[in-house]
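A short write-up of the structure that comes next.
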Amino acid sequence: GTLRFIILFIQNNKKINSVFDTNDSLVRPSAFKPVVPKSFHSMQNLVSPLHRGTHADAGRAGQGSLSDSGRNSLTSLPTYTGSSYGPPPALGPLSASTSHINRLGTIALDKLDKPGYQNGLSASDSGRSSSGKSSSSYQRLSHLSDAPAPLRPSPSSDDVIQDLEERLWEREQEVSEVKELCKFISIIYVFEEKQRVWEHEMEELRQNYTGRLQQVTRRAQRTQQALQAQIARLQQDKRRLQDEMTLLLAQREELEKKCLDFRKEQADILPRLEETKWEVCQKVGEISLLKQQLRESQGEMTQRAGEIVALRGQLKDLNAQLREREETEISLKESFCTKTLELERCEAELQTMLAEVQTREHLLSPPETPTSLPALPAPDPLLTLQSDDSKVQCQESGDLRRQLERLQGELRLERQQREQQALTFAQERQTWQDEKERVLKYQAQLQLSYVEMLQKNQALEERVDKLGAQIATPSPPEPPVSVSISLTSPTPPAEEKKLPAT
Numbered sequence: 149g150t151l152r153f154i155i156l157f158i159q160n161n162k163k164i165n166s167v168f169d170t171n172d173s174l175v176r177p178s179a180f181k182p183v184v185p186k187s188f189h190s191m192q193n194l195v196s197p198l199h200r201g202t203h204a205d206a207g208r209a210g211q212g213s214l215s216d217s218g219r220n221s222l223t224s225l226p227t228y229t230g231s232s233y234g235p236p237p238a239l240g241p242l243s244a245s246t247s248h249i250n251r252l253g254t255i256a257l258d259k260l261d262k263p264g265y266q267n268g269l270s271a272s273d274s275g276r277s278s279s280g281k282s283s284s285s286y287q288r289l290s291h292l293s294d295a296p297a298p299l300r301p302s303p304s305s306d307d308v309i310q311d312l313e314e315r316l317w318e319r320e321q322e323v324s325e326v327k328e329l330c331k332f333i334s335i336i337y338v339f340e341e342k343q344r345v346w347e348h349e350m351e352e353l354r355q356n357y358t359g360r361l362q363q364v365t366r367r368a369q370r371t372q373q374a375l376q377a378q379i380a381r382l383q384q385d386k387r388r389l390q391d392e393m394t395l396l397l398a399q400r401e402e403l404e405k406k407c408l409d410f411r412k413e414q415a416d417i418l419p420r421l422e423e424t425k426w427e428v429c430q431k432v433g434e435i436s437l438l439k440q441q442l443r444e445s446q447g448e449m450t451q452r453a454g455e456i457v458a459l460r461g462q463l464k465d466l467n468a469q470l471r472e473r474e475e476t477e478i479s480l481k482e483s484f485c486t487k488t489l490e491l492e493r494c495e496a497e498l499q500t501m502l503a504e505v506q507t508r509e510h511l512l513s514p515p516e517t518p519t520s521l522p523a524l525p526a527p528d529p530l531l532t533l534q535s536d537d538s539k540v541q542c543q544e545s546g547d548l549r550r551q552l553e554r555l556q557g558e559l560r561l562e563r564q565q566r567e568q569q570a571l572t573f574a575q576e577r578q579t580w581q582d583e584k585e586r587v588l589k590y591q592a593q594l595q596l597s598y599v600e601m602l603q604k605n606q607a608l609e610e611r612v613d614k615l616g617a618q619i620a621t622p623s624p625p626e627p628p629v630s631v632s633i634s635l636t637s638p639t640p641p642a643e644e645k646k647l648p649a650t
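Reminder that position 336 of the sequence shown reads as 484 in our numbering, one-by-one numbering, no gaps.
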């Protein structure tokens, strides 16, 4: 609708411009020839010159609103300051209508500049009002142009210049109006485009919210159905719980009756419980004694095990010493054998040497005294009478005898040492054998005692297990009380006194 009014307004402006442009051929190039004025300002000549003096000031006021370009172009022309030719009073409504159009254009621009101007309908209304006013002004102009033009005198050059200035001012006003209308049209187009977008968005929002409403309604129906099913289920649960409540109440009554019976039985069992407590105290005392004996036996076993370890160490040391002595004995035997062999060899050499000495003495001595062998240690004067060879042989034989005696003395010493070593070896072997027998006896005794202690420990453990089973079966609820009483019990029973003897 707004576009229609704007198009009508533009068409009316074009018609007015075409009416103005039809009289362009009447303009003459000479300023002294009469010129027929064009446009609605030429109607000023229809009025008598008597009224022109009164409206000269209005014409000057209209000239004051020219643009800078028109004013600068007409400054060189001479101005007419007389009181002739002003706008007739009959054209007052027409000028008022055009000024009203200009005012509407400026008001529209002011509205566009304001931030509150957001609706396209106000722009369309202003365009409609401006188009209506322009159409009314066009009708007035056409009515005036259709009227017969009266005879008028030829205008002067000042009138022509004034007329041209007015025309120029009008054209500038029209151009400014057209620019404003173009701006206004573009703004209207923008607002219409926004209106279409808003309508499209409103339609989408309407469809979206209708779809959401349908979803919400369906969801509400589903939740309602679920709630109804849940209510039915809860009612069933309520009935079931009521039935269970009745059953539980009946069970409670039965349990209360049983509780009364149990209390009566408890009152009967209390004295027996005291007796069992005392028995448990006695058994706990026995167990403590058995544990003490077990600890003592374990201590003895550890002590004897230490002794066994020490004896084993001693046995190892004795074995090492025995091996060393056996090795020394073997070495002494080997040395004895070697020395006996040497002694035999020396005896053989001595026999050979004695035989040689005898043969030599026999050769040196005269033949009639054959038994002069024992007179071998004869005095030295005899030797002096003999030859040098016999002297040398006698000296050698003496040396051999001395060496033989020395070797015989060493042999006797070796024999004595061998006999002494044999005696010492026999004594050491006897002592080692005695110690070995004693250690073996002691080890056998330790093994026997160890076996006896194991048997005793097994018997004690079996007895402790039996007593623990007897304690656990009669009264398991209060063992700490029995332990405290057993610790404070002054006299153990007779069985506990007999236990160490076993």
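All residues carry an ideal CB built from backbone N, CA and C; glycine is no exception. Nothing here was measured: the structure is a model prediction, and the numbers come from that model.
In this structure, the straight-line span from the alpha carbon of ILE456 to that of SER445 is close to 16 Å.
DSSP places SER483 within a helical segment (H, G or I) once states are collapsed to three. The segment 557 to 576 and the segment 474 to 487 touch, with three or more beta-carbon pairs separated by less than 8 Å.
Rounded to the nearest angstrom, the Cβ distance from LEU442 to LEU608 is 6 Å, consistent with a contact under 8 Å.
Per DSSP, reduced to three states, the secondary structure at THR621 is coil, with no helix or strand assignment. By the Cβ criterion, the segment 457 to 477 is in contact with the segment 574 to 590, since at least three pairs of Cβ atoms, one from each stretch, lie closer than 8 Å.
VAL587 sits close to LEU459, with the two beta carbons spaced by under 8 Å. Sequence-distant partners of ALA380 (beyond 5 residues in either direction) whose C-beta falls short of 7 Å from its own C-beta are missing from its chain. Listed in chain order, the alpha helix (DSSP H) runs fully inside the segment 402 to 484 amount to none, counting runs of at least 4 residues. Counting only the Cα atoms, LYS439 lies some 37 Å from LYS584. Here DSSP, grouped into helix, strand and coil, assigns SER597 to helix. Residue burial annotation: GLN451 is exposed, with fewer than 16 other C-beta atoms found within 10 angstroms of its C-beta. Only buried fits TRP317, as 16 or more other CB atoms lie within 10 angstroms of its CB. Collapsing the DSSP output to three states places SER305 in a helix. By the Cβ neighbour-count rule, GLU402 is exposed, with fewer than 16 other Cβ atoms within 10 Å of its own. Residue environment analysis places GLU448 among the exposed positions, since fewer than 16 neighbouring C-beta atoms fall within 10 angstroms of its C-beta. Rounded to whole angstroms, GLY461 and GLN591 show a C-alpha spacing of 13 Å. With respect to LEU555, CYS494 sits close: the two C-beta atoms are nearer than 8 Å. Pairing GLY557 with GLN499, the inter-Cα distance amounts to about 17 Å. Put simply, the backbone Cα of GLN321 is about 12 Å away from that of LEU329. CA-CA distance, LEU502 to GLU544, rounds to 11 Å.
A distance below 7 Å between beta-carbons, with the five flanking residues on each side excluded, links TRP580 to the following residues of its chain, in chain order: LEU466 and LEU470. Around the Cβ of LYS431, a 10 Å sphere holds 16 or more other Cβ atoms; the residue is buried.
Taking ILE435 as the centre and dropping the five residues before and after it, the same chain places the C-beta of VAL612 and LEU615 closer than 7 Å to its C-beta, in chain order. A direct Cα-to-Cα measurement between VAL428 and LEU421 gives close to 10 Å. The residues VAL587, in chain order, have a CB closer than 6 Å to that of LEU463 in the same chain once the five nearest residues on each side in sequence are set aside. Nearest in C-alpha terms to MET601, of all of GLU351, VAL505 and ALA453, is ALA453. ILE478 and ARG549 have their alpha carbons spaced roughly 33 Å apart.
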